Amino acid sequence: MKRLVLLDAHALIHRAYHALPPLTTSAGEPVNAVYGFASMFFKVLEDLKPDFVVAAFDKKTPTFRHAGFKGYKAQRPPLPDDLISQIPLVHKLIEVLGVLHFEVDGYEADDIIGTLSDRVIKEDPQIDEILIVTGDRDTLQLVGPKVKVYTTRAKLSDTVTIDEKAVWDKYGIKPQQVVCYKALVGDPSDNIPGVYGIGEKTAAKLLQQFGSLDRIYDNLNHIEDKTREKLINFKDDAFLSYKLAEIVRDVPLNFKLEEAKIQNFDKEKTVRFLESLGFKSLIRRLLGENKKSQTESKTKGKKENGQLSFI
396 MKRLVLLDAH ALIHRAYHAL PPLTTSAGEP VNAVYGFASM FFKVLEDLKP
446 DFVVAAFDKK TPTFRHAGFK GYKAQRPPLP DDLISQIPLV HKLIEVLGVL
496 HFEVDGYEAD DIIGTLSDRV IKEDPQIDEI LIVTGDRDTL QLVGPKVKVY
546 TTRAKLSDTV TIDEKAVWDK YGIKPQQVVC YKALVGDPSD NIPGVYGIGE
596 KTAAKLLQQF GSLDRIYDNL NHIEDKTREK LINFKDDAFL SYKLAEIVRD
646 VPLNFKLEEA KIQNFDKEKT VRFLESLGFK SLIRRLLGEN KKSQTESKTK
696 GKKENGQLSF I
């Protein structure tokens, strides 16, 4: 089986930063997000054994969504300085490991992932499975017969793979209905308004009955009065929310699958980089010594500098 892993680097950096306690180098440089990202990346290599890997990053510049709706993500506070300073280090780590990566003005990492996923399915039949590794659920709309989402739960080491059945079991909808679902219920984390007063159960019921946002509005006369009134009053918000929630699949990318092939990266160079950050347990893991040390002691290697315990 040939497997492609698409890393939502931006989401993983944020997930690591908020999941782990503060961690600094001997020089006082914050590195908890870098540590968490690196640990998740090594876990992906160990657990998923991909043949190809691509990382997608957000850029600092506004996207087409900001241009269409000034309120998009406007409620979010500025990134903390101790997180901003770690993003270039994650870029450096990805480069040291030889991982193909993209970031494109005007688009988010999700759009890059959506574009790559669609393109590979259409153009590269050698790929049997695509796994999107992320820290959030925005990419559930991309799930399909060949595409799954691999994400974290409470702890960074606690992962779950989400397929079409899992989306249905959780939300009562199909993956291709996720955008319509978000158009109805909104998404406070991105400041996507949705239809005021419509919750998850009502949205799922409407989509089960009518199939899509357009079909819901085509059948307003078949919807009970209170819900119909909400849909009419907030129609503009519903269709705006659809545009904001939809991952685009046509980002201009110069991509060839073979360039994403996992190569034998320079271990010496990687070890030097990890040493500069004080990541001793990750070096042991990289060199294949982690299993041995776990056999010798169940607790040895679980904490680094007395702070981290998720490995």
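Sequential numbering from 396 applies to the sequence shown in the numbering used here. Every residue, glycine too, gets a C-beta built ideally from N, C-alpha and C. Bear in mind the structure is a predicted one, so any value in this text is a computation, not a measurement.
Cβ separation of residue i and residue j, assumed to be a contact under 8 Å, to the nearest whole Å
i	j	result
Leu602	Tyr576	6 Å
Ile557	Lys543	6 Å
Gly493	Phe660	4 Å
C-beta atoms of residue i and residue j nearer than 9 Å
i	j	result
Val400	Ile527	yes
Val646	Val499	yes
Val590	Gln536	no
Ser512	Arg398	no
Leu551	Ser434	yes
Reduced DSSP category for residue i - H, G, I as helix; E, B as strand; rest coil
i	result
Leu648	coil
Gln689	Bear in mind that a pLDDT of 45 at Gln689, under 50, signals an unreliable position, so the model cannot answer this.
Phe464	coil
Met402	Strictly speaking, residue 402 in this sequence is Leu, with Met absent from that position. Leu402: strand per DSSP, three-state reduction.
Leu418	coil
Ile568	coil
Thr547	strand
Val555	strand
Distance, residue j Cα to residue i Cα
i	j	result
His709	Val426	Nothing in the structure corresponds to residue 709, since the chain is present only between 396 and 706.
Asn586	Val562	23 Å
Glu524	Ala406	21 Å
Ala404	Val555	17 Å
Glu624	Arg680	58 Å
Gly592	Gly673	50 Å
Lys455	Ala504	11 Å
Tyr566	Pro520	30 Å
Tyr545	Thr529	7 Å
His413	Val429	12 Å
Leu402	Asp531	12 Å
Arg610	Gln604	9 Å
Asn685	Ser676	Below a pLDDT of 50, predicted positions are generally treated as unreliable, and Asn685, at 48, falls in that range; no measurement from the model is reported.
Leu443	Asn628	47 Å
Tyr612	Glu441	47 Å
Leu415	Lys569	33 Å
Gly431	Thr547	12 Å
Val707	Ile678	An answer regarding residue 707 cannot be provided, because it is not within the stretch 396 to 706 covered by the chain.
Pro457	Gly539	29 Å
Would you call the segment 481-493 and the segment 506-525 in contact, with 3 or more CB pairs under 8 Å? no
With contact counted as at least three CB pairs below 8 Å, one residue from each stretch, are the segment 575-592 and the segment 629-646 in contact? yes
Is it the case that the segment 447-457 contacts the segment 648-657, given that we only count it when at least three CB pairs across the two stretches are under 8 Å? yes
How about the segment 417-431 and the segment 464-472: do they share at least three Cβ pairs that are nearer than 8 Å? The segment 417-431 vs the segment 464-472: no contact.
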